[in-house]
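As structure tokens, the structure follows; a few thoughts come after it.
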Amino acid sequence: MSSIGVVYYSALESIKFENYLKVNDVEGFSVSSSMALVYPLVGSLFLLLFFYYFSVMSLIMFFSVLLTSLTSLAFVMYPLIERYLPRAASMNIQLCCLKGTLEQAIVVFFSCLILILWMVTGHWLFNNLIGLSLCVLSICVLRIPSLKIVAIGFVALFIYDIFWVFFSERFFGENVMLKVATTAATNPMDTISQTLGLSGIFISKLQLPMKVIWGNRLLGLGDIVIPGALVAFAAKLDHIQFKLNYLQQTKYFKLSFIGYCVGLAMAMNAALLLEIAQPALLYLVPSTLLPVLYHSYSKQHLPLIWGGFAEEPVV
Numbered sequence: 000m001s002s003i004g005v006v007y008y009s010a011l012e013s014i015k016f017e018n019y020l021k022v023n024d025v026e027g028f029s030v031s032s033s034m035a036l037v038y039p040l041v042g043s044l045f046l047l048l049f050f051y052y053f054s055v056m057s058l059i060m061f062f063s064v065l066l067t068s069l070t071s072l073a074f075v076m077y078p079l080i081e082r083y084l085p086r087a088a089s090m091n092i093q094l095c096c097l098k099g100t101l102e103q104a105i106v107v108f109f110s111c112l113i114l115i116l117w118m119v120t121g122h123w124l125f126n127n128l129i130g131l132s133l134c135v136l137s138i139c140v141l142r143i144p145s146l147k148i149v150a151i152g153f154v155a156l157f158i159y160d161i162f163w164v165f166f167s168e169r170f171f172g173e174n175v176m177l178k179v180a181t182t183a184a185t186n187p188m189d190t191i192s193q194t195l196g197l198s199g200i201f202i203s204k205l206q207l208p209m210k211v212i213w214g215n216r217l218l219g220l221g222d223i224v225i226p227g228a229l230v231a232f233a234a235k236l237d238h239i240q241f242k243l244n245y246l247q248q249t250k251y252f253k254l255s256f257i258g259y260c261v262g263l264a265m266a267m268n269a270a271l272l273l274e275i276a277q278p279a280l281l282y283l284v285p286s287t288l289l290p291v292l293y294h295s296y297s298k299q300h301l302p303l304i305w306g307g308f309a310e311e312p313v314v
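Residue numbers (numbering that gives the first Met the number 0): 0 to 314.
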């Protein structure tokens, strides 16, 4: 349920973020056709690096997470504070030699607290908070300019996910995706604390927040971000292209979001019934992409949105 909520929230926030970029005359990060084709190759390279050199790659990933999650947690918290504590942004405070607003202090405090609790306890809740915040940031920042790029990227990632889950064992002796996803990393902070004679403060093994965890079930962040990017694209399509209120009269957004819910349910049920790891994109790609393609074709919108958003709304 948390991944469904994140996809819904991120899709709506991506519209606000797009408006923010336009108001501030900032160029967003747009995905091109070549990038969409390269992503699976880059993902495959990183999978193999993790598979063969897990200790080194997990160390790099650990410190990368520390840096990027501070940004992603802040990105998620700022809108919430502005909504529920609107005065915090105008209240100035000073701690020692540091000056800022109460809003900034709250964001920094809770971002650091979540990271520290994750390193100390390794609890799945803090892992998920970090991972889901990274998903929100990724979905909002990724700008997909056309349905063509969505289709290219989805087909490429569809093949990528199926290969690494179902067929990698034939070539590498083990299920590469499953091995990388389930292996716990050594906590560098525990090593540092033991060197300083402060053992027992940090947990020795950590699950890196490259996935969200519910008991013995795992869902990779890519299984949230990739279809979530399509749902965000659909929300922008309704809101910008067709000038509709995306909370009440959506069509593409509603279709893609319902498709995500259905695809995720199918993936989870397949994993339970077959008792083997499932490539979630096997279910999520067709359940999200096909309804959007069919609806755009049936409404004769496909030629207009295949190459990107038009300047004027489609009628």
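C-beta atoms are modelled at their ideal positions from N, C-alpha and C, and glycine is treated no differently. Only a predicted model underlies this, so the values are computations on that prediction, with no experimental measurement involved.
- In this structure, Thr185 sits near Ser57, with a CB-CB distance shorter than 8 Å.
- Taking a cut-off of 8 Å on C-beta distances, the region 225-239 touches the region 2-13, as three or more cross pairs fall below it.
- Excluding five sequence positions before and after Leu254, the CB atoms of its chain that fall closer than 8 Å to its own CB belong to Ala233, Pro290, Val291 and His294, given in chain order.
- At a Cβ-Cβ threshold of 8 Å, Leu281 and Val211 do not count as neighbours.
- Per DSSP, Thr100 is one residue of the beta strand (DSSP E) stretching across Leu97 to Thr100.
- Within the region 203-284, the runs of beta strand (DSSP E) at least 3 residues long that lie entirely inside it are, in chain order, 210-213 and 216-219.
- Straight through space, the alpha carbons of Leu288 and Ala104 are spaced by roughly 41 Å.
- The continuous stretches of alpha helix (DSSP H) do not include Ile143, and DSSP gives it neither H nor E.
- In the DSSP secondary-structure assignment, Leu94 is bridged to Leu97.
- When secondary structure is reduced to three states using DSSP, Ser29 falls in the strand class.
- In the three-state reduction of the DSSP assignment, Ala180 falls in the helix class, which pools H, G and I.
- Fewer than three pairs of CB atoms, one per stretch, sit closer than 8 Å, so the region 63-74 makes no contact with the region 211-220.
- A Cβ-Cβ separation of about 5 Å places Ala35 in contact with Ile148 under the 8 Å criterion.
- Contact check for Gly219 against Ala180 passes: the beta carbons are separated by less than 8 Å.
- One Cα belongs to Ile14, the other to Ile275, and the distance between them is close to 37 Å.
- Closest in C-alpha terms to Ser32, from the list Gln206, Phe153, Gly258 and Glu17, comes Phe153.
- Here the alpha carbon of Glu168 sits roughly 20 Å from the alpha carbon of Ala269.
- Between Phe28 and Val140, the C-beta gap is smaller than 8 Å, which places the two residues in contact.
- Excluding residues up to 5 positions away in sequence, Val119 and Ser192 lie with their Cβ nearer than 7 Å to the Cβ of Ile200 in the same chain.
- For Leu72, the enclosing alpha helix (DSSP H) covers residues Phe53 to Tyr83.
- Per the C-alpha coordinates, the member of Pro278, Glu12, Tyr251 and Leu205 positioned closest to Ile161 is Pro278.
- When C-alpha distances from Ser63 are compared across Gly42, Gly306, Val284 and Leu207, the shortest belongs to Leu207.
- A direct Cα-Cα distance of roughly 12 Å separates Lys235 from Leu146.
- In terms of Cα proximity to Gly172, the closest of Phe50, Leu97 and Ile151 is Phe50.
- Under DSSP, Thr287 forms no beta bridge with any residue.
- Cβ neighbours of Ile257 within its own chain (closer than 7 Å, five residues either side excluded): none.
- In this structure Asp24 is exposed. Its beta-carbon is surrounded by fewer than 16 other beta-carbon atoms within 10 angstroms.
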